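> Our numbering puts the first residue of the sequence shown at 3, with every later residue one more than the last.
Glycine included, every Cβ here is placed at the ideal spot set by N, Cα and C.
Everything numeric in this text was worked out from a predicted model, so none of it was measured.
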Amino acid sequence: MIYINTQRVFVRACIRSSSVAKLLRRRDSSSSCRMCPGAAMTRENGHGAPDGDTFTILDDTPVYNRYMTVYNRRVQFPSHSAGGVNTSSCLEDPPVHEFDVVGHPKASFHFCISFPYHPPVHGGHWSEGEVTMIREYAQGPSEMVYGLPAGSFHEESHKTLEGCAMAELSEEAHLCGGKMYKLLDETCPGIAEVKWCRNRFTPFIVYDPQPDEAPGSRDSEEVIEIQRMKITDIKKLLRSGNMLLPSVTTCYWAFEWLDEHYHHGLSE
Numbered sequence: 003m004i005y006i007n008t009q010r011v012f013v014r015a016c017i018r019s020s021s022v023a024k025l026l027r028r029r030d031s032s033s034s035c036r037m038c039p040g041a042a043m044t045r046e047n048g049h050g051a052p053d054g055d056t057f058t059i060l061d062d063t064p065v066y067n068r069y070m071t072v073y074n075r076r077v078q079f080p081s082h083s084a085g086g087v088n089t090s091s092c093l094e095d096p097p098v099h100e101f102d103v104v105g106h107p108k109a110s111f112h113f114c115i116s117f118p119y120h121p122p123v124h125g126g127h128w129s130e131g132e133v134t135m136i137r138e139y140a141q142g143p144s145e146m147v148y149g150l151p152a153g154s155f156h157e158e159s160h161k162t163l164e165g166c167a168m169a170e171l172s173e174e175a176h177l178c179g180g181k182m183y184k185l186l187d188e189t190c191p192g193i194a195e196v197k198w199c200r201n202r203f204t205p206f207i208v209y210d211p212q213p214d215e216a217p218g219s220r221d222s223e224e225v226i227e228i229q230r231m232k233i234t235d236i237k238k239l240l241r242s243g244n245m246l247l248p249s250v251t252t253c254y255w256a257f258e259w260l261d262e263h264y265h266h267g268l269s270e
């Protein structure tokens, strides 16, 4: 009987020792146990992630590379993330998941888009103005779609995001000049293009641009038509499903910006 009790104590001690060792290993890789009540929470590789949601990118392995690059991304999830239900203890290893992620590393995973706004000639409400849109061939749906002038950011030639936006405005819309305003907060790193993509974009509004007599050259595969449209027609187009999503988003932001700023010296 004494032997049995001793054995049980020994087994329990081993279990506790193993658990403590495992906990110490976890603490070596993190300043605190992420799942313990009251433990300090951190954010890793998750701009804008809710408090307590720590997603750690373990590696990004390129599996295909041409114009775009496809990565196999391995991500360590929070222990409580499975099905959104907290069923894990502090001592369980967090799950690791793999994803196909697309991006454009040669462009620093960033592109810019411009809303070229032409105010009404004789004043009036901002909605009486016009916008230079483009209609271009989109290789994904393999059809001509509407959008705003946009293009990839190349640091060596563009220097800044504003420089990128102006270069694309010249190349795609044959416009230059005007006043440029960023439609995001200065601290924002850009808007994620889609859920499974590393690319982000920064939108601008260009107020009263002028024709560019010496526009930049386009790539050989770019098929682009330039169309100057009324705001009322653009609003109808937004509901047609025939406009690229970043352009749709930028249009709505530009409308909001104009509604707030148009009569604060911009119309003069």
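Assess, as a yes-or-no matter, whether the segment 200-207 is touched by the segment 170-183 under the definition of 3 or more beta carbon pairs within less than 8 Å.
Counting Cβ pairs under 8 Å, three or more are found: they touch.
> Can you give me the start and stop residues for the beta strand (DSSP E) that M182 sits inside?
Unbroken beta strand (DSSP E) run through M182: 181-184.
> CB H176 to CB P143, shorter than 8 Å?
No, the pair does not count as a contact, with Cβ atoms beyond the cut-off.
> Closer than 8 Å by C-beta to T251: which residues in its own chain qualify, once you throw out the five before and the five after it? Chain order, please.
Excluding positions up to five away in sequence, the list reads I193, P205.
> Take E46 and list the residues in its own chain whose beta-carbon comes closer than 8 Å to its own, dropping the five residues that flank it on each side.
The predicted model places E46 with a pLDDT of 43, which falls under 50 and marks its position as unreliable, so this point remains unresolved.
> On the DSSP letters alone, give me the boundaries of the beta strand (DSSP E) that K232 sits inside.
Counting along the chain, the beta strand (DSSP E) containing K232 begins and ends at 226-232.
> Please report the straight-line C-alpha distance between R36 and F113, rounded to a whole angstrom.
Confidence at R36 is low in this model, with a pLDDT of 31, below 50, so the placement of that residue should be treated as unreliable; the coordinate-derived value is given next. Their backbone Cα atoms lie some 35 Å apart in a straight line.
> A140 CB to nearest chain B CB: under 8 Å?
Absent from the structure is chain B; it holds one protein chain and no more.
> Do D235 and W128 have their C-beta atoms within less than 8 Å of each other?
Taking 8 Å as the Cβ cut-off, D235 and W128 do not qualify as a contacting pair.
> Taking the C-alpha atoms as reference points, what is the distance between H106 and G153?
If you take the alpha carbons of H106 and G153, they lie about 12 Å apart.
> Which value, in whole angstroms, describes the spacing of the CA atoms of E258 and Y264?
If you take the alpha carbons of E258 and Y264, they lie about 10 Å apart.
> Based on the DSSP output, what are the partners of S154 in its beta bridges?
Answer is F113.
> Short of 7 Å in beta carbon distance, which residues of its chain neighbour L163, apart from the five on each side in sequence? Order them along the chain.
Once the five neighbours on either side are set aside, the close Cβ partners of L163 are C114, F155, T204.
> Apart from the five residues on each side of it in sequence, which residues of its chain come closer than 6 Å, Cβ to Cβ, to R1?
Any question about residue 1 goes unanswered here, given that the chain covers just 3 to 270.
> Can you name the residues that DSSP bridges to F206?
Answer is S116, K184.
> Whole angstroms is fine: what's the gap from K161's alpha carbon to I136's?
Their backbone Cα atoms lie some 25 Å apart in a straight line.
> By the three-class DSSP mapping on this structure, what secondary structure does D221 have?
Here D221 sits in coil by DSSP.
> Based on Cα-Cα distance, which residue from V65, P96, R68, N67 lies nearest to F79?
The shortest Cα separation from F79 among V65, P96, R68, N67 belongs to P96.
> Just the Cα atoms here: how many angstroms apart are V98 and K197?
Near 18 Å, if we compare the C-alpha coordinates of K197 and V98.
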